[in-house]
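Residue numbers (our numbering): 15 to 265.
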């Protein structure tokens, strides 16, 4: 197989690899978008679960405090009755102290209930907001999932076709050349580069003049000393109406 034939297969292989890379990027983007929404929905549902459990605990505590608050109000009334029935100063002072202590506890419970009411109101507002966002996000997933799945299926089918075409091209290349190509491709996306005037079109740096003169004979591939790509000579396209360039292999 001539080097010109190998160049044609290498360029076809590089174009296929570029297509596969583009398809893989699109697959990752679409999968990531859908998975990202699903992950966000899961986090939102977990947060809602925790917020609802917290709200339930607050409401339970508030109910218990309301019961205590009412019981203390009844105790205050009974202490007032005891004060009215007191027969001496000692009993009167004791009843008065009891009333004052109960009133203080009563006020404390009232303040705790007010704080819980405020916290519960804030929790309900946060839950309502999160629930609205959850419904919106779930709807977006339900709406986009079928289209995304169809798009993914089309991309995967296209990738399979390009992979099959790649295998056919690879089978035409010498094993040593293909291994060299793959070794370079692990370090950079594009493993090959042309030159027609002594400048590598991969890194846009000049190659040594002696190397370029040797490459013009198109007898073997070179390695760009700057970017390490597989480098080969391709004569420039002739301008319309001009004579084709002389074959350097006959020089």
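We treat Cβ as the ideally placed atom computed from N, Cα and C, and that holds for glycine.
Thinking just about the alpha-carbon of each residue, which of the options is nearest to the one in residue i?
i, options, result
"residue 130", "183, 78, 247, 235", "78"
"residue 202", "33, 44, 242", "242"
"residue 148", "24, 96, 61", "61"
"residue 178", "33, 50, 98", "33"
"residue 190", "158, 175, 235", "235"
"residue 150", "204, 86, 38, 58", "58"
"residue 174", "18, 35, 225", "35"
"residue 125", "76, 19, 142", "76"
"residue 210", "200, 198, 223", "223"
"residue 118", "199, 139, 90", "90"
"residue 159", "19, 50, 18, 185", "50"
Residue j and residue i - do their beta-carbons sit closer together than 7 Å?
i, j, result
"residue 246", "residue 21", "yes"
"residue 155", "residue 206", "no"
"residue 111", "residue 83", "no"
"residue 169", "residue 69", "no"
"residue 240", "residue 215", "no"
"residue 23", "residue 166", "no"
"residue 152", "residue 72", "no"
"residue 162", "residue 48", "yes"
"residue 37", "residue 172", "yes"
"residue 212", "residue 204", "no"
"residue 183", "residue 26", "yes"
Would you call residue i buried or exposed, if buried means 16 or more other Cβ atoms sit within 10 Å of its Cβ?
i, result
"residue 116", "buried"
"residue 64", "exposed"
"residue 81", "exposed"
"residue 31", "buried"
"residue 15", "exposed"
"residue 109", "buried"
"residue 98", "exposed"
"residue 132", "exposed"
"residue 232", "buried"
"residue 28", "buried"
"residue 197", "exposed"
"residue 93", "buried"
"residue 261", "Any reading at residue 261 must be qualified, since the residue scores a pLDDT of 47, below 50, and its modelled position is unreliable; the value itself is stated next. With fewer than 16 Cβ atoms within 10 Å of its Cβ, residue 261 is classed as exposed."
So the beta strand (DSSP E) residue i belongs to, where does it begin and stop?
i, result
"residue 208", "206-209"
Which of the three DSSP states, helix, strand or coil, is assigned to residue i?
i, result
"residue 79", "helix"
"residue 165", "helix"
"residue 220", "strand"
"residue 261", "Residue confidence for residue 261 is low, a pLDDT of 47 falling below 50, so the modelled location carries little weight; the figure read from the coordinates is stated next. Of the three classes helix, strand and coil, the one that applies to residue 261 here is coil, per DSSP."
"residue 101", "coil"
"residue 27", "helix"
"residue 138", "helix"
"residue 236", "strand"
"residue 245", "strand"
"residue 16", "coil"
"residue 200", "coil"
"residue 186", "coil"
"residue 231", "coil"
"residue 251", "coil"
Start and end of the alpha helix (DSSP H) containing residue i?
i, result
"residue 215", "Unbroken run through residue 215: none, as it is neither H nor E."
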